[in-house]
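So the structure is just underneath, and the comments pick up after that.
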Amino acid sequence: MLVVKIGGAQGVDLERVSRDVANLVRGGEQVIVVHGGSAETNTLSEKLGHPARFVKSTSGYTSRYTDRETLEIFAMVTCGKINTLLVEQLQMLGVNAFGLSGLDGRVLIARRKDAVRIVENGKVRVLRDDHTGKIEQVNAELLHDLLKYGLTPVIAPLAISPVGEALNVDADRAAAMVAGAVGAESLIVLTNVPGLMRHFPDESTVIPHITPAGLEQALALAEGRMKKKVLGAGEALQLGVERVIFADGRVETPLLRALEGNGTVISA
Ligand code: ADP
Numbered sequence: 013m014l015v016v017k018i019g020g021a022q023g024v025d026l027e028r029v030s031r032d033v034a035n036l037v038r039g040g041e042q043v044i045v046v047h048g049g050s051a052e053t054n055t056l057s058e059k060l061g062h063p064a065r066f067v068k069s070t071s072g073y074t075s076r077y078t079d080r081e082t083l084e085i086f087a088m089v090t091c092g093k094i095n096t097l098l099v100e101q102l103q104m105l106g107v108n109a110f111g112l113s114g115l116d117g118r119v120l121i122a123r124r125k126d127a128v129r130i131v132e133n134g135k136v137r138v139l140r141d142d143h144t145g146k147i148e149q150v151n152a153e154l155l156h157d158l159l160k161y162g163l164t165p166v167i168a169p170l171a172i173s174p175v176g177e178a179l180n181v182d183a184d185r186a187a188a189m190v191a192g193a194v195g196a197e198s199l200i201v202l203t204n205v206p207g208l209m210r211h212f213p214d215e216s217t218v219i220p221h222i223t224p225a226g227l228e229q230a231l232a233l234a235e236g237r238m239k240k241k242v243l244g245a246g247e248a249l250q251l252g253v254e255r256v257i258f259a260d261g262r263v264e265t266p267l268l269r270a271l272e273g274n275g276t277v278i279s280a
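Per my numbering, the sequence shown starts with residue 13, numbered consecutively.
Here you go:
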């Protein structure tokens, strides 16, 4: 089984990725798709007069500040648009895709981060109205049932809190949790770069292979949201996924190329 994370950054070609997914599904492979939507959320937020705001946590990670209005815009983009269009693409290619977010059937249960400590202008502040969560549980049984019915799950990165609130979750870490929970052998993370670069943005410095012991060093090389991918890769391996591949989503056959080992492969 294979989990494919499709990045929300500009440049990833949904049609090409869908064609590869369709080929794999036709060949008998079980595939689960998880997607992002960050770039388009920024664009729509701007248009709606509620521009995206990013905050830096005290532990050094950058994330989207998600007040209720941002959460609603995030849902419009990820569930309303990207999920629907991916399902459409796959259906046109003969794949019986089934779109859902982590709220549906409580597929992704997350704990709400009710107090986020951030650093702003050198000072620590506490944000309390953030609708962001950390996934704690995946309903793998439901995903297996969908696959058993010949459906290909396409998951938007929203989760549900234990009391039923919608939460924004990081799509890379959601994909990692899903891959671990369903027992996938591989997690392919498609983005708009050819892999993790030692000297970003010099593409000739893509690191071909990272072992679990090298993840900490890899985390130091990753900037911004790339850090979440490295963290997710570590989490996936810990949950039993054999290999995580960061690969280029802009090329002609992105998944096939990744499965041939192109990109950054993280494995034991
Ligand atoms: P997506 O939306 O596909 O999940 P992100 O924009 O979150 O993608 O993360 C991918 C981006 O991470 C790349 O476009 C690149 O600009 C950035 N990045 C930061 N550090 C690195 C690095 N060391 N190697 C590769 N990409 C990096």
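All C-beta atoms in this analysis are idealised placements derived from N, C-alpha and C, irrespective of residue type, glycine included.
Computed from a prediction, not measured in an experiment: that's the story for all the values here.
{"Asked": "What does DSSP give as the partner residue(s) for residue 241 in the beta ladder?", "Found": "Note: residue 241 sits in no beta bridge, so no partner."}
{"Asked": "Assign residue 201 to buried or exposed, taking buried as 16 or more other Cβ atoms, counted over all protein chains shown, within 10 Å of its Cβ.", "Found": "buried"}
{"Asked": "Output needed for residue 131: all residues of its chain with C-beta closer than 7 Å, excluding positions within five of it in sequence on either side, in chain order.", "Found": "68 and 70"}
{"Asked": "Suppose the cutoff is 7 Å on Cβ atoms and the five residues either side in sequence are ignored; what does the same chain contact list for residue 280 look like?", "Found": "223 and 224"}
{"Asked": "Just to check, is the beta-carbon of residue 80 closer than 8 Å to a non-hydrogen atom of the ligand ADP?", "Found": "no"}
{"Asked": "Could you pull out every unbroken alpha helix (DSSP H) segment of at least 4 residues lying fully inside the segment 77-165, listed in chain order?", "Found": "80-87, 96-104 and 152-160"}
{"Asked": "For residue 170 and residue 219, I'd like the C-alpha separation in whole angstroms.", "Found": "31 Å"}
{"Asked": "Quick one: is residue 17 buried, meaning 16 or more other Cβ sit within 10 Å of its Cβ, or exposed?", "Found": "buried"}
{"Asked": "Within 10 angstroms of its Cβ, does residue 205 collect 16 or more other Cβ (buried), or is it exposed?", "Found": "buried"}
{"Asked": "Is it the case that the Cβ atoms of residue 216 and residue 168 are separated by a distance below 9 Å?", "Found": "no"}
{"Asked": "Does residue 119 pass the burial test, meaning 16 or more other C-beta atoms within 10 Å, or should it be called exposed?", "Found": "buried"}
{"Asked": "Do residue 47 and residue 94 have their C-beta atoms closer together than 9 Å?", "Found": "yes"}
{"Asked": "Which residues mark the beginning and the end of the alpha helix (DSSP H) in which residue 179 is found?", "Found": "Per DSSP, residue 179 belongs to no alpha helix (DSSP H); it is in the beta strand (DSSP E), 178-180."}
{"Asked": "Per DSSP, which one or two residues make a beta bridge with residue 209?", "Found": "218"}
{"Asked": "Name the DSSP beta bridge partners of residue 45, please?", "Found": "16 and 166"}
{"Asked": "According to the neighbour-count rule (16 or more other Cβ atoms, all chains shown, within 10 Å of its Cβ), is residue 110 buried or exposed?", "Found": "buried"}
{"Asked": "With a cut-off of 8 Å, do at least 3 Cβ pairs link the segment 55-65 to the segment 141-150?", "Found": "no"}
{"Asked": "Please classify residue 104: is it buried, with 16 or more other beta-carbons within 10 angstroms of its beta-carbon, or exposed?", "Found": "exposed"}
{"Asked": "So if DSSP puts residue 202 in a beta bridge, which residue, or which two residues, is it bridged to?", "Found": "18 and 259"}
{"Asked": "Less than 8 Å between C-beta atoms, sequence neighbours within five positions excluded: which residues of the same chain meet that for residue 57?", "Found": "63, 64, 82 and 85"}
{"Asked": "Regarding residue 203 and the ligand ADP, is the C-beta to nearest heavy atom distance less than 8 Å?", "Found": "yes"}
{"Asked": "Taking one C-beta from the segment 243-251 and one from the segment 260-275 each time, how about it: are there three or more such pairs within less than 8 Å?", "Found": "no"}
{"Asked": "Given 8 Å as the limit, tell me if residue 24 has its C-beta closer than that to any heavy atom belonging to the ligand ADP.", "Found": "yes"}
{"Asked": "For residue 134, count neighbouring Cβ atoms within 10 angstroms of its own Cβ and tell me buried if that reaches 16, exposed if not.", "Found": "exposed"}
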